[in-house]
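For reference, the structure discussed in these notes is given below.
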Amino acid sequence: MMVGAVALVVAAGRGERFGGTLPKQYEDLAGQPLLRHSLAALAAHPGIAGVRAVINMDDLAHYQSAAAGLDLLAPVAGGASRQESARRGLESLEDLAPERVLIHDGARPLVPATVVDRVLQALDEAPGAIAALPVTDTLKREQNGVSAGTVDRAGLWRAQTPQGFRYAEILAAHREAAGAELTDDAAVAEQAGLSVALVEGSPRNLKVTTPDDLAQAESYLAGGAGAPAEVRTGSGFDVHRFGPGDHVNLCGLRIPHDQALLGHSDADVALHALTDAMLGALGAGDIGQHFPPSDPRWRDADSARFLRHACELMTTRGGRILNVDLTVICERPKLAPHRTEMVARVAALLELEPARVSVKATTTEGLGFTGRGEGIAAQAIATLSLPGRP
Ligand code: MG
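The sequence shown maps to residues 0 to 389 in numbering that gives the first Met the number 0.
The following block contains the structure:
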């Protein structure tokens, strides 16, 4: 049988660095065994057809309680080293013959779906792809307890997992490398001459090796999408002028009016201000850079699409919205009757509870261009929580 991608979760180690008698992958993390988080994250990913754990059969009872209720392939026995465990896991998939395989450390419980996406996507082009992060610390070479020099960190990355490969190629590479003591599957692939692409990992995708790491993972989970978090704010402002028409688009709603707002897209001035606020908080430019008005693709475009794009940029970075506050400035149409629906629509677009969304309307007391009824202005503030620096 040929299936798309299977994930192997390597969890056969005994975790000597962690201390205690329970192997670290079965330690409690936020009320569940650490390994369960890793298995569940991959099992829930739509790009993964099956998940198999490679375990130490002495820990079978621990495994069974960690995996209870999850839809997984039966576990297989690992070997004396991580490399041997990965090879045995790969060999166990021969009947299934998946096209692709992702190999993941069981001790990385918080792997974000976006990181899995990036590895799978890169495999469209490359025979291998791994999640990794650029090295940001200055590196020292030690000799006799003192620094013997600074190592240039340019071009250096820290490898994470998942590491993805074409199944037949990585199986052959592992068989070739048996006994070579390589520290990850990418090294096995490299030794076989396979090119391995680096895609952006995540600080959240940490490997739990010490009790401090476990505390860090707990803190990430306690903080939702990412803690220790960085709170960032962005503001947006937009204006569209009135022209002939019979409705305006505001906050994704079609509101009847005796004029329309003019613009290249659907001229939803409120969603434009909000999109710019989100992009501002991300330091990701402005709406015109992402969706140039000169590009015919965005003619009459639904502005919800612009906002969703900003949301995706945020999600890719592991962020979430804390709240947004939007003010629409015009004399007419009267917006009070539409306010509840506007809040609901913006909340739905942002996949947020309505209590985190504020939509207000004001006039300018007849003053200025909005006062003269020449157009509508909108301003927005978005406050986001982003994962802290790696
Ligand atoms: Mg605009």
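Glycine residues also receive a C-beta, built at the ideal position from the N, C-alpha and C atoms.
DSSP three-state label for residue i, please.
i: Leu260; result: strand
i: Ser84; result: helix
i: Asp237; result: strand
i: Gly367; result: helix
i: Ala226; result: In this predicted model, Ala226 has a pLDDT of only 46, less than 50, meaning its place in the structure is not dependable; the value taken from the coordinates is given anyway. Coil, per DSSP.
i: Leu7; result: strand
i: Leu220; result: helix
i: Met0; result: Residue placement at Met0 cannot be trusted, given a pLDDT of 46 that sits under 50; what the coordinates show is reported in the next sentence. Residue state, collapsed to three classes: coil.
i: Asp211; result: helix
i: Arg296; result: helix
i: Pro133; result: strand
i: Thr20; result: coil
i: Pro353; result: helix
i: Gly242; result: strand
i: Leu385; result: strand
i: Glu189; result: helix
i: Leu252; result: strand
i: Glu175; result: helix
Cβ of residue i within 7 Å of any heavy atom in the ligand MG?
i: His289; result: no
i: Val268; result: yes
i: Gly279; result: no
i: Asp237; result: yes
i: His271; result: yes
i: Gly3; result: no
i: Gly262; result: yes
Round the Cβ separation of residue i and residue j to the nearest angstrom and send it over; I've been treating them as touching at under 8 Å.
i: Tyr166; j: Arg99; result: 6 Å
i: Arg107; j: Ala66; result: About 17 Å; that fails the 8 Å criterion.
Taking contact to mean 3 or more Cβ pairs, one atom from each stretch, closer than 8 Å, check whether the stretch 277-294 and the stretch 209-222 are in contact. Contact between the stretch 277-294 and the stretch 209-222 is absent, because fewer than three Cβ pairs lie under 8 Å.
Inside the stretch 137-173 only - beta strand (DSSP E) runs reaching at least 3 residues: The qualifying runs are 138-142, 145-150 and 156-165.
The stretch 55-64 contacting the stretch 139-159, beta-carbon criterion three pairs below 8 Å: With the rule of 3 Cβ pairs closer than 8 Å, the stretch 55-64 does not count as touching the stretch 139-159.
Every unbroken alpha helix (DSSP H) inside the stretch 99-128 [4 residues or more]: Scanning the stretch 99-128 from its first residue to its last, the whole alpha helix (DSSP H) runs of 4-plus residues come out as 112-121.
Let me know the alpha helix (DSSP H) ranges lying completely inside the stretch 287-351, each 4 residues or longer, listed in chain order. Correct list: 303-315 and 338-349.
For a minimum of 4 consecutive residues, which ranges assigned as the alpha helix (DSSP H) are wholly contained in the stretch 23-76? Listed in chain order, they are 33-42 and 59-66.
Using a Cβ distance threshold of 8 Å, determine whether the stretch 181-199 contacts the stretch 124-133, with at least three qualifying pairs required. With a cut-off of 8 Å, the stretch 124-133 and the stretch 181-199 count as touching, because enough Cβ pairs lie within range.
Using 8 Å as the threshold, is the stretch 228-239 in touch with the stretch 130-140, meaning 3 or more CB pairs across them? Not touching, per the Cβ criterion.
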